[in-house]
């Protein structure tokens with residue numbers, strides 16, 4: 308998609324989900340829709356009022372009757388004239404209305420093009436525009452609330468405040484460079500150092516909130532590993548609340564990866580049940596084990612399942628030795644319902660029964676804890692990877708500026724870099740390719 312701030316085309320799309328429904332909405336946006344509306348509806352619409360009217364084809368045959376809403380520029384979602392026709396929700400009727408719009412000169416909107424125009428016309432900044440898609444794609448009420456918070460501009464305002472502080476600091480440093488006075492320099496330097504320390508603390512707090520928001524958007528990638536028959540599939544079924552994996556006493560029942568997404572406190576957890584890790588001559592089973600190791604490479608957290616009756620054996624030690632160093636691994640002893648009461652539990656290990664559910668609440672809470680979730684969605688923003696990278700780059704630049712007390716020119720340059728990377732969170736963004744990627748993730752009609 309090639310975004311252009313001077314795009315004057317009239318665009319149209321179905322704004323409701325595909326399939327049958329009670330209502331079907333066709334949305335149109337353009338610079339001046341007066342003539343378009345007259346040709347499509349044969350009435351004059353007053354802005355921001357609902358009108359009952361009909362859509363006719365070029366042969367004056369009735370297509371549909373419904374409510375039309377007109378929003379005159381710039382008081383609309385896109386900042387241009389916007390027309391929404393709310394008709395009956397049958398796909399044949401909705402598509403006929405859309406075809407009529409296209410015959411009148413509109414073109415079919417590309418994914419996210421309405422929101423892209425809102426961004427280009429300063430109705431939304433870039434972070435707010437991204438949160439529109441996040442709100443639509445939210446997989447839990449917690450994720451929806453965080454996306455709505457970002458859409459309201461709360462996240463953007465924090466970024467704008469930081470950029471404004473950086474601007475003021477840069478101006479202060481320029482004053483020191485232009486009007487050097489030793490006494491003034493010393494006093495000003497003390498104040499600047501304090502402000503830089505406060506900036507880093509504020510950025511770190513926003514980064515922590517953004518990381519939690521990223522968890523709500525991206526989820527946790529969790530892989531269940533261990534020897535055959537230690538209860539991996541039983542745990543998957545227990546987490547999913549249904550029989551997603553076949554459970555038998557026969558070793559090697561699970562030969563391929565089984566994926567399921569579950570919600571823990573509103574956080575999506577992408578769970579992968581894997582083939583048991585052991586030596587085998589079975590070609591199919593060996594292929595499944597190879598896929599297990601591939602899944603491990605992609606995971607954030609691994610649950611190493613062991614039989615509580617046997618504990619950690621040499622075979623588990625071999626598995627642990629092969630695990631990537633960056634991977635967070637939790638040892639989970641399953642089948643505690645069969646455990647002898649005299650067996651002493653290992654420190655920092657989890658003890659559960661996938662069959663009865665005993666210990667799962669504590670295990671779930673620990674999974675979220677090590678992933679960075681603290682069960683508090685208040686103040687959390689729906690963040691993307693580029694937001695996190697920008698926040699961390701800003702922290703690096705400001706920390707570097709703190710080391711340049713005797714070289715104010717270099718301090719000013721580090722602050723300029725920090726200001727630039729923070730500004731890219733909300734816009735402007737010069738790279739057309741980045742805008743294309745962002746808005747192509749949207750559905751058509753949004």
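In this note's numbering, the protein residues as written are 308 to 753. Every residue, glycine too, gets a C-beta built ideally from N, C-alpha and C.
Using only CA atoms, which one of 422, 381, 518 lies nearest to residue 450?
Nearest C-alpha to residue 450: 518.
What separation, rounded to the nearest whole angstrom, lies between the Cα atoms of residue 458 and residue 540?
Taking the straight line from one Cα to the other gives about 39 Å.
Counting beta carbon pairs with one atom in the stretch 433 to 440 and one in the stretch 396 to 405, are three or more of them shorter than 8 Å?
Verdict: no, contact absent.
With residue 585 and residue 637 assumed to form a contact (beta carbons below 8 Å), what rounded beta-carbon distance in angstroms separates them?
Actually they do not touch by this definition, with Cβ atoms about 20 Å apart.
To which residues does DSSP link residue 567 through a beta bridge?
DSSP, once it has assigned bridges, lists 578 as partnering residue 567.
Same chain, Cβ closer than 7 Å to residue 662, neighbours up to 5 away in sequence not counted
Taken in chain order, the residues that qualify are 541, 644.
Assign residue 393 to one of three DSSP states: helix, strand, or coil.
If DSSP states are grouped into helix, strand and coil, residue 393 belongs with the strands.
Based on Cα-Cα distance, which residue from 687, 418, 613 lies nearest to residue 522?
Of the candidates 687, 418, 613, the one whose C-alpha sits nearest the C-alpha of residue 522 is 687.
Determine, using beta-carbon pairs with one atom in the stretch 726 to 736 and one in the stretch 460 to 476, whether at least three such pairs fall under 8 Å.
Touching, per the Cβ criterion.
What does DSSP give as the partner residue(s) for residue 612 in the beta ladder?
According to DSSP, which records beta bridges pairwise, residue 612 is partnered with 533, 639.
Between which two residues does the alpha helix (DSSP H) holding residue 329 run?
No residue range can be given for residue 329, since it is assigned to no alpha helix (DSSP H) and is classified by DSSP as neither H nor E.
Once you ignore the five residues that flank residue 369 on each side, which residues in its own chain have a CB closer than 8 Å to its CB?
Closer than 8 Å at Cβ, skipping near neighbours: 361, 362, 363.
Same chain, Cβ closer than 6 Å to residue 566, neighbours up to 5 away in sequence not counted:
If we look at residue 566 and ignore the five residues flanking it on each side, its Cβ neighbours are 579.
Quick one: measure Cβ to Cβ for residue 319 and residue 405, integer angstroms, because I've assumed they're closer than 8 Å.
For a cut-off of 8 Å, the C-beta gap from residue 319 to residue 405 is around 6 Å, short enough to register as a contact.
Span separating the alpha-carbon of residue 444 from that of residue 477:
Counting only the Cα atoms, residue 477 lies some 39 Å from residue 444.
Spatially closest choice to residue 416 from 676, 563, 321, by CA coordinates:
Restricting attention to 676, 563, 321, the CA atom closest to the CA of residue 416 is found in 321.
Does the stretch 599 to 611 come close enough to the stretch 495 to 509 to have 3 or more Cβ pairs within less than 8 Å?
Because the criterion of three Cβ pairs below 8 Å is not met, the stretch 599 to 611 and the stretch 495 to 509 do not touch.
Boundaries of the beta strand (DSSP E) in which residue 375 is found, first to last residue
Its beta strand (DSSP E) spans residues 369 to 378.
Three-state secondary structure assigned by DSSP to residue 319
In the displayed model, residue 319 falls within a strand according to three-state DSSP.
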